[in-house]
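Before any comments, here is the structure.
Number of protein chains: 2
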Amino acid sequence: MPKKDVRGCVMSRKPIRDREWVIGAIFANRAELAKSGIHTPLQAGISGSGATGAASIVLSGGYEDDEDADDTIVYTGQGGRDQNSGRQTTDQVLIRGNLALARSRDTGVPVRVVRGHTLHSDYAPTEGYRYDGLYRVVDYWAEQGKSGFLVYRYRLRKCYSGGEVESDENESGTAGTTPPERRQSTVQRIVRDTALGREIKKLYRDACQFCGTVITLRAGRYSEAAHVRPLGRPHNGPDSKDNILCVCPNCHVRFDDRSIVVREDMSLIGSKGKLRVHHSHKISRKHLEYHRSLAGIVDHD
Amino acid sequence: MPKKDVRGCVMSRKPIRDREWVIGAIFANRAELAKSGIHTPLQAGISGSGATGAASIVLSGGYEDDEDADDTIVYTGQGGRDQNSGRQTTDQVLIRGNLALARSRDTGVPVRVVRGHTLHSDYAPTEGYRYDGLYRVVDYWAEQGKSGFLVYRYRLRKCYSGGEVESDENESGTAGTTPPERRQSTVQRIVRDTALGREIKKLYRDACQFCGTVITLRAGRYSEAAHVRPLGRPHNGPDSKDNILCVCPNCHVRFDDRSIVVREDMSLIGSKGKLRVHHSHKISRKHLEYHRSLAGIVDHD
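Below, the structure written as structure tokens:
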């Protein structure tokens, strides 16, 4: 199995590699592919669960509704097909692999993509199964497939170092030619939570630490990880659990604006009550103080 | 005044041009700059208001706290300086130009940036005032300036066609070398509402059409424009008022997930009550039907 160290120089538009696998590696068949660990099921096109999201998918041309434009894939969910004819005979439902891919949209964790030689696409390998790197599920929806039955469709975009541009601007085909006021785009919410962010969200079962709100989506609960001392320059906060809160999008906007701040006793300015803190979650008082200072609130010792 | 048609071929990493002005155009002095319309005040560094946001700024080295790294600028707000000595003698406050720039962060509308020859920066022109294109205010905060007094600081990033990458990944300097699970980034919320989106939000005074919530930030009210039929491929919804709703971030996440859908009689599935609709806002029933179909809800005529 081809392996390679992921440490290397950074170039723009370089596909993001997963931990151990080389993009472009070809495996003779599904058994070899499974042995590599890239995609372990021998038959199913989607590996993963509704709880954790999808780990990997294989594009093998089984569904007539798949679309492949290299960097962007529209992948059809599983189920509803007659085993003998391979034809769609009933509606697909949001369970198993379909739910797993939906969950990946919610969590923002990338999915490994493999293309098989049987795929009807210009980007299919001539033989075997090729690992093509990490893609992010950016949207999913139901539609009437060519068969007339309901199928789930997932839009995936390839991940590049420096961040893929998941922008509607790109897709409208008019970027750069339209003055900003006419640009066809709106708020972009790109979920890319860190492993630590996911741990904190799990600890609170996605309930907002400010207001207690739980957002329920079709594939499960949704919350966001907010960094207290911001990550980017010039703040350079750490991605550590003592610097992360579990919040709903509304409170996230206000916390990042510093129109909600947390006092030393965990009471709130700009919101009711106190910050809800799990007994095992140690939040850094230094980072909360830094956050207050960004709002112009200076502590007097 | 140099002018040029904005229609042209699209390249990646091409700076976004404003309607009429050529990036790189140099003006001999502030009077010439004002005449061009790029930045009309003759003295003030910030043009704009708290209601509309900032239209333009001039970097001229007046504030010792400014930082200039070409694509990224940290700009210091106005006020608190002694007129004779030019030294910071009191705290800055979030009013006038400072409030305008804060508002630009909330609205996401880009700001024209001009660099003057007096700026202490490698990117300053050797003479006159140079128009350097559009930048977006991505963050602002208060800090103790070098003087010891509170100053407001604004982080601006240059806009490129195809969308600037306002990613913490870029800023951490480790993108591509770190497996995705370790990546230092979180939910990115990039506000880029269209002019029509802003009109709809104004109509509802930023109250969510689903739940009535109004989010109040330090520089004003905040809401998001949600497109009913999504803009991007493969949905190709229009950026038109009959396809836009004014929503809070929480309902936006759920509406884009289609866990809130609107029935034909404007009652809601997944949320209480009815969609609040202003008498002058005609929402397309076709687009609402399309949105329902994405959730797998098929209307039977």
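Protein sequences, first through last, are from chains V and P. Position 241 (the first sequence) corresponds to 241 in the numbering used here; numbering is contiguous. Position 14 (the second sequence) corresponds to 1014 in the numbering used here; numbering is contiguous. We treat Cβ as the ideally placed atom computed from N, Cα and C, and that holds for glycine.
So, residue i versus residue j, is the Cβ gap smaller than 8 Å?
i: Tyr-63(V); j: Leu-101(V); result: no
i: Arg-258(V); j: Leu-294(V); result: yes
i: Gly-1079(P); j: Gln-1092(P); result: yes
i: Ser-104(V); j: Asp-68(V); result: no
i: His-1227(P); j: Val-1114(P); result: no
i: Pro-249(V); j: Asn-1236(P); result: no
i: Arg-221(V); j: Asp-206(V); result: yes
i: Ile-244(V); j: Gly-197(V); result: yes
i: Gly-1050(P); j: Val-1058(P); result: no
i: Arg-130(V); j: Arg-157(V); result: no
i: Asp-65(V); j: Gly-145(V); result: yes
i: Leu-1275(P); j: Gln-1209(P); result: yes
i: Ala-219(V); j: Asp-106(V); result: yes
i: Leu-1231(P); j: His-1278(P); result: no
i: Arg-1087(P); j: Ser-1047(P); result: no
i: Tyr-1152(P); j: Tyr-1140(P); result: yes
Per DSSP, residue i forms a beta bridge with which residues?
i: Cys-1246(P); result: Ala-1225(P)
i: Glu-1289(P); result: The partner list for Glu-1289(P) (beta bridge, DSSP) is empty, contrary to what the question assumes.
i: Gly-1053(P); result: Ser-1049(P)
i: Ala-142(V); result: Tyr-152(V)
i: Ala-1069(P); result: Thr-1072(P)
i: Ile-297(V); result: Answer is none; Ile-297(V) lacks a bridge partner.
i: Val-114(V); result: Val-58(V), Tyr-131(V)
i: Leu-1268(P); result: Val-1262(P)
i: Leu-217(V); result: Gly-220(V)
i: Gln-1088(P); result: Arg-1081(P)
i: Ala-1207(P); result: Val-1214(P)
i: Arg-136(V); result: Arg-157(V)
i: Lys-202(V); result: DSSP, once it has assigned bridges, lists no residue as partnering Lys-202(V).
i: Pro-1015(P); result: Tyr-1160(P)
i: Ile-1026(P); result: Arg-1130(P)
i: Lys-274(V); result: Ser-267(V)
If contacts are defined as beta-carbon pairs under 8 Å, then residue i and residue j qualify, I think. What distance do you get, rounded to the angstrom?
i: Arg-112(V); j: Ala-55(V); result: 6 Å
i: Thr-76(V); j: Asp-82(V); result: Not confirmed; about 15 Å, so no contact.
i: Lys-241(V); j: His-291(V); result: That pair is no contact at about 16 Å.
i: Ser-119(V); j: Cys-159(V); result: A small correction: the amino acid at residue 119(V) is Leu; Ser does not occupy that position in the sequence shown. Not quite, the Cβ-Cβ distance comes to about 20 Å (not below 8 Å), so this is no contact.
Compare the C-alpha of residue i against each of the options and name the closest.
i: Asn-29(V); options: Ser-60(V), Val-228(V), Ser-47(V); result: Ser-60(V)
i: Ala-1195(P); options: Cys-1246(P), Lys-1282(P), Val-1151(P); result: Cys-1246(P)
i: Gly-1142(P); options: Ser-1121(P), Tyr-1290(P), Val-1074(P), His-1039(P); result: According to the sequence displayed, residue 1142(P) carries Ala and not Gly. Minimum Cα distance to Ala-1142(P) is reached at Val-1074(P).
i: Ile-269(V); options: Arg-221(V), Val-277(V), Ile-260(V), Leu-275(V); result: Ile-260(V)
i: His-252(V); options: Ile-215(V), Lys-286(V), Arg-285(V); result: Ile-215(V)
i: Pro-41(V); options: Pro-110(V), Lys-286(V), Gly-97(V); result: Gly-97(V)
i: Leu-1094(P); options: Val-1138(P), Ser-1271(P), Leu-1150(P), Ser-1223(P); result: Leu-1150(P)
i: Leu-217(V); options: Ser-267(V), Lys-272(V), Leu-99(V), Pro-234(V); result: Leu-99(V)
i: Val-22(V); options: Ile-200(V), Asp-132(V), Gly-48(V), Ile-297(V); result: Asp-132(V)
i: Pro-110(V); options: Glu-32(V), Glu-127(V), Thr-52(V), Pro-125(V); result: Thr-52(V)
i: Lys-1286(P); options: Asp-1139(P), Arg-1229(P), Gly-1296(P); result: Arg-1229(P)
i: Phe-1255(P); options: Pro-1234(P), Lys-1035(P), Ala-1225(P), Ser-1284(P); result: Ala-1225(P)
i: Thr-72(V); options: Glu-1199(P), Pro-1234(P), Ile-1297(P); result: Pro-1234(P)
i: Glu-1127(P); options: Lys-1272(P), Glu-1020(P), Phe-1027(P); result: Phe-1027(P)
i: Ile-200(V); options: Gly-296(V), Asp-265(V), Ile-283(V), Gly-273(V); result: Ile-283(V)
i: Glu-1020(P); options: Glu-1032(P), Ser-1036(P), Asn-1084(P); result: Ser-1036(P)
Going along chain C, which residues have a C-beta under 8 Å from residue i?
i: Val-1253(P); result: Absence of chain C from the displayed structure is noted, the protein chains being V and P.
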